[in-house]
Amino acid sequence: MTRTKTTSSRRRRNGFAQSCAVMLCIISCWAAPQCCYSLQLSHPLTSNNDYWAISAKREVSSKSSNDSSSLLTTIRGGGSKSSIPQTRRRSLVVLLVATALFNDMLQLTMLLPIIHTLVSSPPPLGVTNNKEVALGLFFASKDICQMMSAPFAGVLCSKFSPHVALISSILGLGVATFVFAEAKTFWQLLLARGAQGAASAAVLCGGLSLIAETHPQNVRGKAMGYAQSGLAAGMLMGPLIGGLLFERMGRKNTFRFAAGMVLANAIAMIMLMGVAPPESSRDKENDNINKKVEADLSLAKSSKQLLRNFDILAVTASTFAIHAVVGVIKPLSQVVLDKEFGVTMVKRSFIISIATLAFFIAAPIAGILSDRMQRSHLVALSLVLMSCSSAFFALRHLGLWAFYVSVALLGVAMGVQKSSSQSLLADLVDKHELGEYSMVYALSDVADSLGLIVGPLVGLALSQMYGPSVGVLSIGIPCLLLTPVMLRIA
188 MTRTKTTSSR
198 RRRNGFAQSC
208 AVMLCIISCW
218 AAPQCCYSLQ
228 LSHPLTSNND
238 YWAISAKREV
248 SSKSSNDSSS
258 LLTTIRGGGS
268 KSSIPQTRRR
278 SLVVLLVATA
288 LFNDMLQLTM
298 LLPIIHTLVS
308 SPPPLGVTNN
318 KEVALGLFFA
328 SKDICQMMSA
338 PFAGVLCSKF
348 SPHVALISSI
358 LGLGVATFVF
368 AEAKTFWQLL
378 LARGAQGAAS
388 AAVLCGGLSL
398 IAETHPQNVR
408 GKAMGYAQSG
418 LAAGMLMGPL
428 IGGLLFERMG
438 RKNTFRFAAG
448 MVLANAIAMI
458 MLMGVAPPES
468 SRDKENDNIN
478 KKVEADLSLA
488 KSSKQLLRNF
498 DILAVTASTF
508 AIHAVVGVIK
518 PLSQVVLDKE
528 FGVTMVKRSF
538 IISIATLAFF
548 IAAPIAGILS
558 DRMQRSHLVA
568 LSLVLMSCSS
578 AFFALRHLGL
588 WAFYVSVALL
598 GVAMGVQKSS
608 SQSLLADLVD
618 KHELGEYSMV
628 YALSDVADSL
638 GLIVGPLVGL
648 ALSQMYGPSV
658 GVLSIGIPCL
668 LLTPVMLRIA
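As structure tokens, this is what we get:
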């Protein structure tokens, strides 16, 4: 008995050590490009005159530091002078937005290995009847609340600033995570999940608007790509961290720890806005034009112009189509791997993580490419890749390798679409003089969430009547139809 106990404990320790090693590798892979990006922007090649000009600016700013404005004004405006060069401030903005997206997705995906245990527990925390319905309602509540909160997040960014929206959303996410830790009933868990979705809408809207405002067009794609890699890292590490912490610390301590991480991120943001507030990348002429446009147009009128702009609607439709395919493949993949291939639960989790790993790799690469070629062509490429993913899903009878290809293409398509479309939307706002970036990102977030809601509803209904292949292919066809539309956008 003692030998079996020691061997089992050794296996647990080895498993925990291997899991920690995997987590460290993922964190290193994510942090390396962020650090490289920071070094690249913070140490540009400058002449001697530029060097002395920067030094003079630093001396002047150090002398006038006593006359600086308050921290709240700095956070709201985000435009006060600082001794830190603008390029370094841009890199810090990307790092903090990527960390915010990482924490946002980490809180959402930590629940995946835990929620079934919580719902199956005795009442009032769990439910006794209709557990499948309770699980579906729990997961859908996030997307529904995120979709409903996205327009309000856009208004918050427009009325105040992306800095205020981002910091407020991170604080709200931390509070929602703490409520999830202290919840005693299923409805409290559901309320906390919905609050996380609402905070997620503000994180995306505020973070992407902040990057679009602080980065010029020629480096905006790279910045978006690195920020999206933070989201992919959170998606990849969330289930692993959630399972490990829940097994050793329990639900309350796990989510208290997660809430502490989020609140630490918020404190770091407040410190950054006070020490190194980011500056807008728009030049004076464009800034004056945008101020005139914003003065002539109300928020409602500018929103109507967004909804009437064909190019923006086309990019938004591509976001909806791609997320609809993701929404239908995610639940069907579990059923197909179980019934058709007999794959165990652990192996199914590793197979599904191929998509997240592909997303993690493709996002920064696509961001770099979007600064060197037309971004609309990259969005069209992501639509073609998603259509191919649907086709390989239907060809899974050829072998498990076809399913691997389908999952990998899905992740690559997501990475390419996320990095290129967010940069393209900012370019279209500048081109058509539509004012703030926040409302266009709110519209994109609505399309994102709506695709994750409508896709499973339609796709699963068709798959139940005609089979999984028909359900996935029917949702993948709109991606192919939108490809020529995206190619026409200049």
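Take 188 as the starting number for the sequence shown in this note's numbering and just add one per residue.
Just so it is clear, CB atoms sit at the ideal spot from N, CA and C, and this is done for glycine as well.
These numbers come from a predicted model, not from an experiment.
The beta carbon of Gln415 is closer than 6 angstroms to those of Ala550, Lys605 and Ser606 in its chain, skipping five residues each way along the sequence. Contact between Leu615 and Ile509 is ruled out by a C-beta separation of about 18 angstroms, above the 8 angstroms threshold. The beta carbon of Glu434 sits closer than 7 angstroms to no other beta carbon from its chain once the five residues preceding and following it are set aside. Collapsing the DSSP output to three states places Asp558 in coil. Within the model, the alpha-carbon separation for Val449 versus Ala455 is close to 10 angstroms.
Taken in chain order, the whole alpha helix (DSSP H) runs of length 4 or more contained in the stretch 535-592 are 562-581. For Val512, the enclosing alpha helix (DSSP H) begins and ends at Phe497 to Lys526. The continuous alpha helix (DSSP H) containing Leu649 extends over residues Ser625 to Tyr653. Annotated three-state conformation of Gly341 is helix, per DSSP. When C-alpha distances from Ser328 are compared across Lys371, Gly381, Leu395 and Leu630, the shortest belongs to Gly381.
When the alpha-carbon of Gly361 is set against those of Leu305, Ala446, His350 and Met532, the nearest one is in Ala446.
Segment contact: the stretch 573-589 against the stretch 655-663, three or more CB-CB distances shorter than 8 angstroms; contact assigned.
Judged by DSSP secondary structure, Glu369 falls within the alpha helix (DSSP H) whose first and last residues are Pro349 to Glu369.
C-alpha of Cys344 to C-alpha of Asp525: approximately 45 angstroms in a straight line. With the rule of 3 Cβ pairs closer than 8 angstroms, the stretch 330-341 does not count as touching the stretch 417-428.
DSSP, read as helix, strand or coil, puts Met297 in coil. For the pair Arg562 and Ile354, the Cα-to-Cα distance works out to about 29 angstroms. Contact between Phe547 and Ala420 holds, with the beta-carbon distance rounding to 6 angstroms and staying under 8 angstroms. Burial state of Met411 is buried, judged by a 10 Å Cβ sphere holding 16 or more other Cβ atoms. Where Arg380 is concerned, the enclosing alpha helix (DSSP H) starts and stops at Phe373 to Thr401. When the Cα atoms are used, Gly622 and Ser557 turn out to be separated by approximately 23 angstroms. In the structure shown, Arg407 falls within a helical segment according to DSSP collapsed to helix, strand and coil. In the structure shown, the three-state DSSP call for Val533 is helix. Ranked by Cα distance from Gln492, the options Ala386, Leu630, Ser608 and Ala352 are led by Leu630.
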